[in-house]
Amino acid sequence: MSLRRTRWWVLLLLVAASAVHAQTFRLYLAPDGDDAAAGTSAATALQTLAAAQRRLQAQSPRTEVEIVVAAGTYLRQSVRWTFRNGAPLRIVAAAGARTMPHFDGRGGGTWFTLRGGGNQRTQLQVVGLEVSDYWMAMDLGGSNAAADGNAGNSIRGMRFTRIGGLHGQGDPAYSYAAIRLQNSRDNVIADNQFSAIENSKDTSGYLHALYLARHSTGNTVEGNSFTDVNGDVVRTRDASDATLVRGNRFVRAGKYAAFSDWFDPQQGECPSQGGRFVDNTVGAGYYGAIPATATTGADDACGALGTPRIVERGTVRE
Numbered sequence: 218m219s220l221r222r223t224r225w226w227v228l229l230l231l232v233a234a235s236a237v238h239a240q241t242f243r244l245y246l247a248p249d250g251d252d253a254a255a256g257t258s259a260a261t262a263l264q265t266l267a268a269a270q271r272r273l274q275a276q277s278p279r280t281e282v283e284i285v286v287a288a289g290t291y292l293r294q295s296v297r298w299t300f301r302n303g304a305p306l307r308i309v310a311a312a313g314a315r316t317m318p319h320f321d322g323r324g325g326g327t328w329f330t331l332r333g334g335g336n337q338r339t340q341l342q343v344v345g346l347e348v349s350d351y352w353m354a355m356d357l358g359g360s361n362a363a364a365d366g367n368a369g370n371s372i373r374g375m376r377f378t379r380i381g382g383l384h385g386q387g388d389p390a391y392s393y394a395a396i397r398l399q400n401s402r403d404n405v406i407a408d409n410q411f412s413a414i415e416n417s418k419d420t421s422g423y424l425h426a427l428y429l430a431r432h433s434t435g436n437t438v439e440g441n442s443f444t445d446v447n448g449d450v451v452r453t454r455d456a457s458d459a460t461l462v463r464g465n466r467f468v469r470a471g472k473y474a475a476f477s478d479w480f481d482p483q484q485g486e487c488p489s490q491g492g493r494f495v496d497n498t499v500g501a502g503y504y505g506a507i508p509a510t511a512t513t514g515a516d517d518a519c520g521a522l523g524t525p526r527i528v529e530r531g532t533v534r535e
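Take 218 as the starting number for the sequence shown in this note's numbering and just add one per residue.
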């Protein structure tokens, strides 16, 4: 290739890289940020996710959005997220941070609530943050209604600790999950750490590290560690089909099982099916020995199953 053609290729690559960069709208957060600042650089960082959402709603970017979170501790934040523009939204730790940015609820309610998904691919990506001391960490979707349906989200490389009724306050007093999905499909929850996900012993059966409910189908749970979870760790409910739970580690986690399916026929619910529990490492449960998987209720409550509710293979017990 001639020198002239090489220069043209380099120029084209630089132009393409600049175009990709220009297609991302960025906002910045810092613990000492100012919600009245511009928020468009690390030097003018905002302090809260709520302020970042207000900026997005005011400016209505049509491109991908990235919220870059600096290291440090963010106290008592809670946001009900409704902004969407059809493009991916990333909430990520700043590159090169020595420690994870830490959202500390100090015994509060829910850190991040996603609503208004419109039954579309919301493409929320949350990466590299620590969330602790909340009643619930993340709540994606709120009902069977299309208005709150969402899909195509990912939660990766996170640390969730001290979540539940023992560690935060909500209504009711007992919590349901560290992460709850309702009418939320085709998500990936991978390479995260969950620890001390706890209700009181009397209400521990209500709590799960991951609660996949109300037609939350096609979700993948992979490569996570779960420690000290006093309810069933992964729970599916009401036709939340085709859940893949693969390559995770469960330590002192689970009340009745590591992965279970439950439904309430009195509310017109149906069993989930097509669940797969593959190549996971399972120790004792929170209160003693438990099976790796379990189902509750009649398999044929809504007619014959097309596939088994949960298929288990490759489990390593420790």
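Positions of the beta carbon are idealized from the N, C-alpha and C atoms, including for glycine.
Just so it is clear, the structure is predicted and the values come from calculations on it, not from any experiment.
**Q.** Euclidean distance between Cα positions of Asp-516 and Glu-535
**A.** The straight-line gap separating the alpha-carbon atoms of Asp-516 and Glu-535 is approximately 30 Å.
Q) Where does His-238 land, buried or exposed, given buried means 16+ other C-beta within 10 angstroms? A) Low per-residue confidence applies at His-238: pLDDT is 49, beneath 50, and the placement is therefore not dependable, though the value from the model is reported in the following sentence. Around the beta carbon of His-238, fewer than 16 other beta carbons sit within 10 angstroms, so the residue counts as exposed.
Q) Mind pulling the alpha helix (DSSP H) runs of 4 or more residues that sit fully within the segment 398 to 470? A) Residue ranges of uninterrupted alpha helix (DSSP H) with 4 or more members are absent from the segment 398 to 470; none lies entirely inside it.
Q | Length at least 4, wholly inside the segment 334 to 358: the alpha helix (DSSP H) runs in chain order | A | Segments of the alpha helix (DSSP H) lying fully in the segment 334 to 358: there are none.
Q: Answer with buried or exposed for Pro-482, where buried requires no fewer than 16 other C-beta atoms within 10 angstroms of its C-beta.
A: By the C-beta density criterion, Pro-482 is exposed, having fewer than 16 other C-beta atoms within 10 angstroms.
Q. Where do the ends of the alpha helix (DSSP H) carrying Arg-272 lie?
A. 266 to 276 is the extent of the alpha helix (DSSP H) around Arg-272.
Q) In whole angstroms, what separates the C-alpha of Ala-311 from that of Val-285? A) If I take the Cα positions, the gap works out to 5 Å.
**Q.** Counted within 10 angstroms of its Cβ, other Cβ atoms place Val-528 as buried (16 or more) or exposed
**A.** The residue is exposed, with fewer than 16 neighbouring Cβ atoms inside 10 Å.
**Q.** Residue environment, Ala-475, which counts as buried when at least 16 other CB atoms sit within 10 Å
**A.** The residue in question, Ala-475, is buried, as its Cβ has 16 or more Cβ neighbours within 10 Å.
Q) Between Pro-389, Asp-365, Val-296, which lies nearest to Gly-334 when the distance is taken from Cα to Cα? A) The closest CA to that of Gly-334, considering only Pro-389, Asp-365, Val-296, is found on Asp-365.
Q: Measure from the alpha carbon of Gln-340 to the alpha carbon of each residue in Gln-490, Trp-298, Thr-532, Ser-442, then state which is nearest.
A: Here the closest residue by C-alpha is Trp-298.
Q. In chain order, what residues of the same chain lie with their CB nearer than 7 Å to the CB of Thr-524, ignoring the 5 residues before and after it?
A. Correct list, in chain order: Gln-490, Gly-491.
Q. Closest to Arg-301 by CA distance: which of Leu-398, Arg-373, Ala-288, Gln-274 is it?
A. For Arg-301, the closest alpha carbon among the candidates Leu-398, Arg-373, Ala-288, Gln-274 is that of Gln-274.
Q: Can you tell me which of the three DSSP states Thr-299 falls into?
A: In this structure, Thr-299 counts as coil in the three-state DSSP scheme.
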